[in-house]
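This note's numbering numbers the first residue of the sequence shown as 3 and each following residue consecutively.
Ideal Cβ placement from N, Cα and C applies to all residues, glycine included.
Worksheet for the structure shown next.
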Amino acid sequence: MSDYYSALVSKKIFQKVDNLAEHKLRGWAKRREKGNINTDKYWRTVGELNWWVSTEIGFE
């Protein structure tokens, strides 16, 4: 049986994609704010999810 459908392999891939997306978003925020990242402006708590990238309105 191949590891292609393995839950462990999928978990590693999604962790890597999540880390890459976070890195890209932080770089975008740093460029946009000229070096200072205003975490309150871009990252919020939505429900029980912390560090969620959203607008001021969120997903309510």
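For Asp20 and Val48, what's the separation of their Cα atoms in angstroms?
18 Å
Backbone CA spacing between Lys66 and Phe16 [nearest angstrom]
Residue 66 lies beyond the range of the chain shown here (3 to 62); nothing can be said about it.
Let's see if you can read the secondary structure: which residues bound the alpha helix (DSSP H) around Lys43?
41-44
Where does Asn38 fall in DSSP's three states?
coil
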